[in-house]
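In full-length UniProt numbering, the protein residues as written are 1 to 411.
From the three backbone atoms N, C-alpha and C, an ideal C-beta is built for every residue, glycine too.
All figures in this text were calculated on a predicted structure; none of them were measured in a lab.
Okay, structure first, notes after.
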Amino acid sequence: MCVSSASAERIYLDIASSGVRKLVVAVPSFIDEAGDPSTATGRNFSRLMEEGLRFHGFIQILDAQRYEGQRRPDWRGLGADYVVMGNYSKAGEGVSVAASLLDVVNGNMLATKSYKGTSAQQEDMALRLVDAMVKEFTGEAGVSRSAIAFVSDKTGRKEIYIADIFGRHIRQITRHHHLCVSPRFTADGSQLAYSSYHRGNQDLYLTDLDQNKKTRTLSRRNGMNLAPAFSPDKQTAVVTLSKDGNPDLYLINMEGDIIKRLTKRAGINVSPSFSPDGRAICFVSDRSGRPQVYIMDLQSMRVQRLTFDGKENVEPSWSPRGDKIVYTRLAEGRYHIYTIAVSGGTPTRLTHGAGSYESPTWSPDGRLIAFSRKLNGKIELYVAQANGEGMRPMFPFDGNQSYPRWSPRLH
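In structure tokens form, the structure reads like this:
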């Protein structure tokens with residue numbers, strides 16, 4: 001457990017610890033202004049909240065069949081730790097919704113949140129409530145209103161898609177009819193970069209997700225134009241270019257102009273990822289003879305090797321919490337997901353089951369990791385807690401899904 005610095009001296013759940021028991025949470029159907037708990041709208045709010053809370057991995061939803069129809073359920077006897085008590089009202093096309101979090105053990109109401117919107121915004125309001133309740137448990141808002149970008153061959157070509165984390169709303173971003181790979185969100189989540197071969201070269205593009213998917217070229221230099229890492233300050237990015245023959249890292253502005261060359265030596269230098277404070281990057285280089293993960297201080301330009309075990313360590317991603325880097329390692333003939341402290345030390349293996357696991361990406365709060373899993377010729381997106389527990393598929397989708405990338409929180 002960890003104690004927050006808030007004046008209320010709340011104690012928050014440390015869900016990163018192994019073996020932590022899941023919280024049992026009941027989410028009864030929301031009642032309308034007449035107190036009716038049986039409406040379709042009330043049940044929909046409850047269902048959306050159940051799905052959102054369950055996704056975060058540390059909550060077990062109490063089966064509603066165990067208490068439906070009871071006027072005053074014995075929550076403690078039913079095994080509930082918390083109860084979400086919700087209500088809503090309608091006025092024309094407008095909807096107001098509110099929910100309170102009841103601590104069953106001490107009988108206290110920990111929080112009450114309310115939102116207003118239209119009937120079409122019910123899902124968004126429910127997810128706002130989810131993220132607010134997650135904050136009551138962990139001290140940090142949930143990630144229900146974030147998205148996943150990924151590559152799918154659903155159409156027969158590898159194109160870029162974006163989905164909410166529940167897979168309810170999936171939209172195709174590219175229609176180049178050529179190979180598209182490595183989607184990357186900008187720091188505010190409003191734009192998405194990717195590499196495409198549709199002009200015969202591996203060029204880099206940037207799509208504005210807010211303005212009718214307007215796309216522009218970020219880099220179309222000869223050779224490789226690969227997978228950018230966008231800085232937290234939204235002003236620059238680090239990309240891999242091979243315009244001079246060797247794949248090296250360059251700092252560019254948001255118009256694609258080169259500001260500075262960061263690496264200049266034999267071998268590959270690829271897959272950059274910024275630290276949360278923007279002062280450093282991790283990346284992959286084979287300067288030691290095999291692909292390994294390195295860290296570069298962007299002010300001093302000092303480079304430090306981070307991984308030493310294994311023949312191939314690739315696809316690093318720096319945690320939003322700043323303390324760890326997740327990456328892919330070739331182990332026992334298959335790829336698996338590992339984490340390692342930024343200071344170095346012994347890596348932790350997160351995946352152990354059958355199949356091959358690649359392309360790890362952090363949730364905005366650093367508490368979950370999404371990745372692809374290849375098993376029996378099928379590639380799907382999976383998610384697990386940051387310690388590797390609770391691994392499960394994200395959502396069903398036709399074809400093969402790969403190269404997932406988690407967005408920041410979207411507002």
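For residue 248 and residue 264, believed in contact at Cβ under 8 Å, the rounded distance:
6 Å
Cutoff 7 Å; reference residue 54; Cβ partners in own chain excluding five residues on either side
61
Under 8 Å by Cβ, that's how I've got residue 162 and residue 147 pegged, so tell me the actual separation to the nearest angstrom.
5 Å
Between which residues of its own chain and residue 52 is the CB-CB distance below 6 Å, once the five residues before and five after are set aside?
127, 130 and 144
At a cut of 8 Å, does the region 366 to 380 reach the region 107 to 124 through at least three beta carbon pairs?
no
CA nearest to the CA of residue 290, picked from 410, 404, 320 and 313:
313
Could you tell me the alpha carbon to alpha carbon distance between residue 297 and residue 266, rounded to whole angstroms?
20 Å
Could you give the DSSP three-state label for residue 164: helix, strand or coil?
strand
Looking at residue 206: is its Cβ nearer than 7 Å to the Cβ of residue 193?
yes
Just checking my contact of residue 359 with residue 316 at CB under 8 Å: how many whole Å lie between their CB atoms?
Not confirmed; about 11 Å, so no contact.
Which first and last residues belong to the beta strand (DSSP E) in which residue 380 is found?
378 to 385
For residue 215, the residue or residues it bridges with in DSSP
207
Range of the contiguous alpha helix (DSSP H) that encloses residue 283:
Looking at the DSSP string, residue 283 is not in any alpha helix (DSSP H); the run it does join, the beta strand (DSSP E), is 280 to 285.
Give me the Cα-Cα distance between residue 95 and residue 167, rounded to the nearest whole angstrom.
24 Å
Distance, residue 24 Cα to residue 79 Cα
7 Å
When DSSP labels each residue in this structure, what does residue 349 get in the three-state scheme?
strand
Between the CA atoms of residue 299 and residue 400 - distance to the nearest angstrom
40 Å
Sort out for me which residues DSSP pairs residue 87 with in a bridge.
31 and 98
Alpha carbon of residue 357 to alpha carbon of residue 69, nearest angstrom:
45 Å
Please check the pair residue 295 and residue 280, which I expect to be a contact at CB under 8 Å, by giving their CB distance rounded to whole angstroms.
6 Å
Determine the DSSP secondary structure at residue 312, reduced to helix, strand or coil.
coil
Is residue 354 helix, strand or coil by DSSP?
coil
Cβ-based neighbour list, residue 209, same chain, cut-off 7 Å, excluding 5 preceding and 5 following
190, 191 and 192
For residue 109, the three-state DSSP class (helix, strand or coil)
strand
Just to confirm the assignment, what range does the alpha helix (DSSP H) spanning residue 131 have?
122 to 138
So residue 30 and residue 46 are supposed to be a Cβ contact under 8 Å. How far apart are they, rounded?
6 Å
Rounded to a whole number of angstroms, what is the C-alpha to C-alpha distance between residue 275 and residue 303?
14 Å
Looking at C-alpha atoms only, which residue of 135, 196 and 187 is the closest neighbour of residue 173?
196
Is the closest heavy atom of the ligand FAD to the C-beta of residue 86 under 6 Å?
As presented, the structure is devoid of all ligands, the ligand FAD included, so that no description of it is given.
Simplified DSSP state of residue 174, which is helix, strand or coil
coil
If I follow the unbroken alpha helix (DSSP H) through residue 43, where does it start and stop?
40 to 55
Output the distance between the C-alpha atoms of residue 48 and residue 175, rounded to the nearest integer angstrom.
32 Å
Close Cβ partners of residue 349 (< 7 Å) along its chain, the five nearest in sequence each way excluded:
336 and 338
Just grab the DSSP bridge partners of residue 103 for me.
82
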